[in-house]
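Down below is the structure, laid out as structure tokens.
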Amino acid sequence: MTFGQSKLYRSEDYGKNFKDITDLINNTFIRTEFGMAIGPENSGKVVLTAEVSGGSRGGR
């Protein structure tokens, strides 16, 4: 049985480029619903969550 791995990405240029920052959460599995939320510490930030199914590149 194989389980997916959570990935966390960050964009600092309004979504033009994304940087993998998964190491900042120690590869913790993120389980959440699809959605969008206002950043808890900063209302100027938006948190987007989604699930990507597998593929030859691990769903990237």
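Residues 56 to 115 (our numbering) are what the sequence shown spells out, left to right.
Cβ coordinates follow ideal geometry from the N, Cα and C atoms, glycine included.
#### Entry: Rounded straight-line distance, which links the Cα of residue 73 to that of residue 79
15 Å
### Message
What would DSSP say about residue 100, mapped onto helix, strand or coil?
### Response
coil
### residue 68 - DSSP class collapsed to helix/strand/coil
coil
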